[in-house]
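Q:
Numbering (UniProt numbering), first residue to last: 1 to 370.
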C-alpha cells in the first residue's frame with residue numbers, strides 16, 4: 001500500500017486513511033469476475049471500469065487491478081470493441097459501442113506499467129490494446145476527428161465529441177508508448193494522433209455537427225487540457241475564459257454551466273488540468289475541499305446540488321473514487337505514474353511535430369518485474 005507523503009499531510013490534501021479507505025470502497029464493489037460496476041447492483045462501462053482500476057493501481061491493489069483488465073480482455077469483441085455497458089456478467093447495453101470507452105483501456109494499461117514496471121503485464125495485454133486502438137482508428141475521418149460510436153450493427157454514428165476525442169488523444173499517446181516499450185512500430189498511430197490533435201485545436205466545426213453544442217458541459221472546457229491537446233499559455237487562457245462559468249468557489253466544478261450541481265469527478269479532473277497548465281496552487285485549493293463528500297465507507301458521493309443543499313444523485317460511484325485517487329497522485333506524486341494526466345510523454349521518434357517530449361530516459365523503465 002502506498003503511503004501518503006509528509007507534504008500531502010501538512011498541506012491538508014488528504015484525510016487520514018484516505019488511500020486505504022478509497023481502495024477498500026472500490027474493492028467492495030468489484031465483482032468476482034473482475035468487473036467494477038458504478039456501484040453494487042449497477043452496471044459497468046469500459047471507461048469508468050478502467051478509471052476505477054487505475055485508482056486500485058495507485059493504492060497498490062495490483063491483483064485487483066490486473067483482474068479488472070483480465071475481465072476486459074475476456075469479453076473483448078472480435079473487432080476490438082466493447083459494448084456500452086455490462087451487468088452481472090451479461091451485456092446491458094447493445095445499442096452502441098463508444099470509441100472513447102474502447103480506447104481508454106490503453107491509458108489504464110500504460111498507467112499500471114508506469115507504476116509496476118512489469119513488462120510481462122504489457123505483453124499479456126498488448127493484443128487487447130492493439131485491437132481496441134485499431135477499432136477506434138477505423139472510425140477516424142479524413143479531417144482528424146473520430147466518430148463517437150457505432151450502432152448495434154457496427155455502422156458509424158457520424159459525429160464527434162470534444163470530450164470523447166480528447167480522451168482518445170490521451171489514449172493514443174499511451175498506446176504509442178506501450179508499442180514503443182514492446183519494440184513494436186506503429187507509425188500510423190502517431191499520424192492519427194497528430195491529426196486528432198489538430199482537429200481538437202483547429203477544427204471546432206468538426207464537432208457537435210448533428211446535435212446541439214456540448215459547450216455547456218465543463219468537460220468540453222477542460223478535457224483538451226487534461227489530455228494534452230492544449231498546453232502552456234493556450235491551456236491557461238482556455239481555463240481562464242470560462243473559470244467563473246464552471247467553478248463554484250468553495251464547492252467545486254459544475255458538471256454543466258446552467259445547473260447548480262457540482263460533481264466530484266469533474267472537480268478532480270479539473271484539478272489535474274490545472275496542474276497540467278502550471279496552476280498547482282489553484283489545483284490544491286480545489287481538491288482540498290472535495291473530501292467533504294466522502295462517506296464513512298470510503299466512497300465519495302457523485303455530486304451536490306448547492307441550491308437545494310442536497311447530495312444528488314444518492315450514489316457513490318467507483319469511478320468517482322478512482323478520480324479522487326488519480327488527482328491525489330497528480331498532486332502528491334504517490335506513484336511513478338503521477339504525471340500521466342499532467343504532461344505529455346512520447347518516445348523521441350513519436351515526438352516529431354507534436355507537443356510531446358522524450359521522457360523515456362527520465363522514466364528509467366528497465367522492464368523489471370514489479
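We put the beta carbon where it would ideally sit given N, CA and C, even for glycine. Nothing here was measured: the structure is a model prediction, and the numbers come from that model.
Identify whether residue 43 lies in helix, strand or coil by the three-state DSSP scheme.
A: Coil.
Q: On the DSSP bridge assignment, give the partners of residue 217 in chain order.
A: 256
Q: Could you tell me which of 55, 104, 185, 313 sits nearest to residue 46, measuring between CA atoms?
A: 104
Q: Return yes when the Cβ of residue 59 is within less than 8 Å of the Cβ of residue 23, no when it is not.
A: yes
Q: Where does residue 209 sit, in a helix, a strand or coil, going by DSSP?
A: coil
Q: Around the C-beta of residue 148, are 16 or more other C-beta atoms found within 10 angstroms, so that it is buried, or is it exposed?
A: In the assembly as shown, residue 148 is a buried residue. Its beta-carbon has 16 or more other beta-carbons within 10 Å.
Q: Leaving aside the five residues before and after residue 352 along the sequence, list all residues of the same chain whose C-beta is less than 6 Å from its C-beta, in chain order.
A: Residue placement at residue 352 is poorly supported in this model, since its pLDDT is 45, which falls under 50; the coordinates still yield a value, given next. Within the same chain, residue 352 has no close Cβ partners at all.
Q: Could you check what DSSP says for residue 304 in three-state terms: helix, strand or coil?
A: strand
Q: Mapping the DSSP letters down to three states, classify residue 98 as helix, strand or coil.
A: strand
Q: In terms of DSSP beta bridges, what is residue 263 paired with?
A: 253, 303
Q: State the Cα-Cα distance for the pair residue 331 and residue 66, rounded to the nearest angstrom.
A: 24 Å
Q: Determine the DSSP secondary structure at residue 120, reduced to helix, strand or coil.
A: helix
Q: State whether the region 301 to 318 contacts the region 336 to 343, with contact taken as three or more CB pairs (one from each stretch) at a distance under 8 Å.
A: no
Q: Are there three or more Cβ pairs, one per stretch, closer than 8 Å when the region 168 to 181 is compared with the region 211 to 220?
A: no
Q: Contact defined as beta carbons within less than 8 Å: I believe residue 128 pairs with residue 73. What is the distance between those atoms, to the nearest angstrom?
A: 5 Å
Q: Among 266, 161, 118, which residue has its Cα nearest to the Cα of residue 317?
A: With distances taken between CA atoms, residue 317 lies nearest to 266 out of 266, 161, 118.
Q: Do the region 190 to 199 and the region 246 to 260 make contact, defined as three or more Cβ pairs closer than 8 Å?
A: no
Q: Note down, in chain order, each residue of its chain lying with its Cβ closer than 8 Å to the Cβ of residue 286, except the 5 sequence neighbours on either side.
A: Once the five neighbours on either side are set aside, the close Cβ partners of residue 286 are 247, 252, 253, 267, 270, 271, 274.
Q: Give every residue of the same chain whose Cβ lies closer than 6 Å to the Cβ of residue 108, excluding the five residues on either side of it in the sequence, and list them in chain order.
A: 50, 53, 54
Q: Considering only residues of the same chain and omitting the five flanking positions on each side of residue 15, which have a CB-CB separation below 8 Å?
A: 291, 294
Q: On the three-pair Cβ rule with 8 Å, is the region 229 to 236 touching the region 175 to 184?
A: no
Q: Among 189, 191, 319, 324, which one has its Cα closest to the Cα of residue 399?
A: Residue coverage of the chain in this structure runs from 1 to 370, which leaves residue 399 outside it and unanswerable.
Q: What whole-angstrom Cβ distance do residue 146 and residue 106 have, given they're in contact under 8 Å?
A: Between residue 146 and residue 106 the beta-carbon gap is near 14 Å, outside 8 Å, which marks them as no contact.
Q: Going by C-alpha distance, which of 110, 116, 302 is nearest residue 341?
A: 110
Q: Identify the residues that DSSP records as bridge partners of residue 268: which are they?
A: For residue 268, which the question treats as bridged, DSSP gives no partner whatsoever.
Q: Excluding sequence positions up to five away, which residues of its chain have a Cβ less than 6 Å from the Cβ of residue 86?
A: 44, 92
Q: Pick helix, strand or coil for residue 156, following the three-state DSSP scheme.
A: strand
Q: Please report how far the alpha carbon of residue 39 lies from the alpha carbon of residue 315, in whole angstroms.
A: 7 Å
Q: Need the endpoints of the alpha helix (DSSP H) that residue 73 sits in, please.
A: 62 to 75
Q: Name the residue from 118, 222, 30, 143 whose alpha carbon lies nearest to the alpha carbon of residue 199.
A: 143
Q: Should residue 212 go down as buried or exposed, given a rule of 16 or more other Cβ atoms within 10 Å for buried?
A: exposed
Q: Determine, using beta carbons only, whether residue 201 and residue 160 come nearer to each other than 8 Å.
A: Result no, Cβ atoms of residue 201 and residue 160 do not sit closer than 8 Å.
Q: Counting C-beta neighbours from all protein chains within 10 Å, is the total for residue 153 16 or more, i.e. buried, or is it exposed?
A: exposed
Q: Could you please give the first and the last residue of the uninterrupted beta strand (DSSP E) stretch that includes residue 91?
A: 90 to 93
Q: Return helix, strand or coil for residue 48, following the three-state DSSP convention.
A: helix
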